[in-house]
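Under the working numbering, the first residue of the sequence shown is numbered 1009, with each subsequent residue one higher.
Built from N, CA and C at the ideal position, the CB exists for glycine as well.
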Amino acid sequence: MSATSSHRPRLIPGHGHAGIEQAVNAFGLLRDYFEGAIIVDAHSRITWIDQRYRELLKLAADFDPVGLPVEEVIPHSLMRRVVETGKPTLLDIMRFDDRQFVVCRIPLKDEAGKVEGAIGFVFYDNVDYLEPILEKFENLQKQLTRAQAALTRERQAKYSLSSFVGLSDAVKELKSQVRRFALREGAALIQGETGTGKELLAHAIHRQSDRADGPFIAINVAAVPEQLLEAEFFGVAPGAYTGADRKPRQGKFELAHGGTLFLDEIGDMPPAIQAKFLRVLQEGEVEALGSNTIKKVDVRIIAATSQDLEAKVADKSFRADLYYRIAVLTVRIPPLRDRREDIALLCETLLEQTMRTPGQRGWVLLPEAIRLLESHDWPGNVRELRNVLERAAALAPSEVLDAAAIRRAMPQAAPRPTPTAAATSGGDLATRLAEAERDAILAALDASNGEKLAAARRLGVSRSQFYEKLRRHNITS
Ligand SMILES: Nc1ncnc2c1ncn2[C@@H]1O[C@H](COP(=O)(O)OP(=O)(O)OP(=O)(O)O)[C@@H](O)[C@H]1O
Ligand SMILES: [Mg+2]
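Below you can see the structure in the form of structure tokens.
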């Protein structure tokens, strides 16, 4: 009789330890309840496997797995982990072909508690009482697949060039420039005032390029505190830090491999990071924090800035060599006040995107309202225009937006909380301070036409502190 078809486990000579023998003796009792079993020794080598498990694994009749490391026979086996940790996995699920099985693994110990092997049982999925668990597992699996798909979508560019609305000569020229250089590989720099659509254009350039199927990874340089930027860009190797809060993490460079890395507010990159960044661009390799391995990366850089980067180069707060690397191709988005003929078309698109109540057909913007909008200077550009339209739509008594509705929604007419209001309101000190801070931030934003960096400067706080406060107070621009 062959060893593997015998009902009683055969142990490797010299491995007849007490724990394994006990397990073997318990076998007679358990046999009817499982559909396959395996035993490994302290080195996770197979010492015994029953016939039903052999069939499940489709092992050839003349193949003797005894003595082999368990993974050579069951590639995803977790028996080794049980042996190494001495902890059982009482309930786990394993897939063989298209079916899933419940498995249970128990360490085998000698009297002194030393692990001398492990035993694993396989149960089929037709065990009634396990059905709810298996169903749950299936559902989790599906959710995971969906989440992964969503993440992939998230990492793709959202907008194409056609989402950039405008028919003015300036926009036509801009779009043809983008089409021309989207196919080239060089880094691109997008300049433009706040709210002119720099981010939208960056997505569009990516979508237009050969890398469209690759990831689009964005990072707002101004919003990440300086001490975290390096990890954010280059990643953190496992074990680089002690302490549970710093887990290994892929850097944005690595995530963007094969695609585009979009650097928003690049003018805010601190000098130390500029130097490291330049090196990565020159060498095409990144080294994660705390690692000593280097990874090749193939990434196209698109950067955006609302600051005058040339001036920053001139006053040496931005490295000239980095500037020339990034400004291979440059586009400048003209401010809205220089292309007023786009305003009507933009309004149509932006209102289209504005929330409607159920059953509502859409907003009607009267010609007088359009004329009023066209006469405004829009320091906050398209974003400001969008905000005004959204506010007007929210306040309007009907679907028709006339000049009065627009006037009410214009920034200077918007009721604005004043510091005195906060100071006289009730609440404890912390609440009042928070209210005062929120008021100050809103007022500073208002006074600098929504330009966050100018507002931060006005308040005398750093860019990252300012972004942190915006997040805390839930203020979106
Ligand atoms: N040409 C355009 N067509 C349609 N929508 C636009 C256009 N330009 C900007 N927008 C919209 O205006 C808003 C601001 O655009 P975006 O965030 O791209 O601007 P930005 O230049 O990156 O601003 P900031 O400098 O403040 O970061 C977004 O909602 C965007 O969809
Ligand atoms: Mg932006």
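| query | result |
| --- | --- |
| Closest residue to I1054 among L1209, F1042, P1083, Y1041 (Cα-Cα distance) | P1083 |
| CA nearest to the CA of S1176, picked from L1409, Q1108, D1346 | D1346 |
| Which listed residue (M1102, M1087, S1171) has its alpha carbon closest to that of P1096 | M1087 |
| Selected residue, minimal CA-CA separation from F1109, among A1050, F1145, G1121 | F1145 |
| CB contact flag (G1298, A1245, <8 Å) | yes |
| C-alpha gap between S1314 and L1197, whole angstroms | 11 Å |
| Per-residue DSSP class, three states only, for R1154 | helix |
| The stretch 1269–1278 touching the stretch 1178–1189, judged by at least three CB pairs closer than 8 Å | no |
| Whole-angstrom C-beta distance between I1309 and I1334, which should lie under 8 Å | 6 Å |
| Heavy atom of ligand 2 within 7 Å of D1276 beta-carbon | no |
| Chain-order list of residues whose beta-carbon lies under 6 Å from that of R1391 (same chain, five-residue window excluded) | G1203 |
| Cβ pair R1379, A1400 closer than 8 Å | no |
| Residue closest to E1398, alpha-carbon to alpha-carbon, out of Q1361, H1214, E1201, D1072 | Q1361 |
| Inter-residue CB distance, A1126 and V1090 (contact presumed, cutoff 8 Å) | 4 Å |
| Identity of the residues DSSP links to D1272 by a beta bridge | N1228 |
| Burial state of V1363, where buried means 16 or more other Cβ atoms lie within 10 Å | The question names Val, but residue 1363 is Met in the sequence shown. When all chains shown are included, M1363 counts as exposed. |
| Pairwise C-alpha distance: Q1216 and L1208 | 12 Å |
| Rounded straight-line distance, which links the Cα of E1445 to that of K1284 | 36 Å |
| Exposure of R1424, with buried meaning 16 or more beta-carbon neighbours within 10 Å | Any answer about R1424 is weak, because its pLDDT of 48 lies below 50 and its placement is not dependable; what the coordinates show is given next. Counting Cβ neighbours within 10 Å, R1424 comes out exposed, since fewer than 16 surround it. |
| Cβ neighbours of A1352 in the same chain (closer than 6 Å, five flanking residues each side left out) | I1378 |
| A1421 versus A1178 - alpha carbon distance | Note that A1421 scores a pLDDT of 44, beneath 50, so its modelled location is shaky; the value from the coordinates is reported in the next line. Using only the alpha carbons, I get a separation of about 31 Å. |
| Endpoints, the beta strand (DSSP E) within which F1104 is located | 1097–1104 |
| L1393 beta carbon less than 8 Å from that of L1373 | no |
| E1201 beta carbon near ligand 2 (any heavy atom closer than 7 Å) | no |
| Cα-Cα separation between A1322 and K1150, rounded to whole angstroms | 55 Å |
| Separation of V1173 from A1264, as counted between CA atoms | 27 Å |
| heavy atom of ligand 1 below 7 Å from E1207 C-beta | yes |
| Nearest neighbour of W1371, chosen from L1286, P1405, G1292, D1350 [CA to CA] | P1405 |
| Contact belief for Q1258 with G1243 at Cβ below 8 Å, rounded distance in angstroms | 5 Å |
| Start and end residues, alpha helix (DSSP H) containing R1308 | That residue, R1308, is in no alpha helix (DSSP H); its beta strand (DSSP E) goes 1308–1313. |
| Own chain residues within Cβ distance below 6 Å of L1453, not counting five before or after | A1463 |
| Alpha-carbon to alpha-carbon, G1266 and F1224 | 9 Å |
| Exposed unless 16 or more other CB atoms sit within 10 angstroms - verdict on S1456 | buried |
| Neighbourhood of S1170 by C-beta, 6 Å cutoff - its chain only, sequence neighbours within 5 removed | none |
| T1093 versus V1130 - alpha carbon distance | 20 Å |
| Close-in-space but distant-in-sequence residues of the same chain around E1476 (CB under 8 Å, 5 per side omitted) | P1233 |
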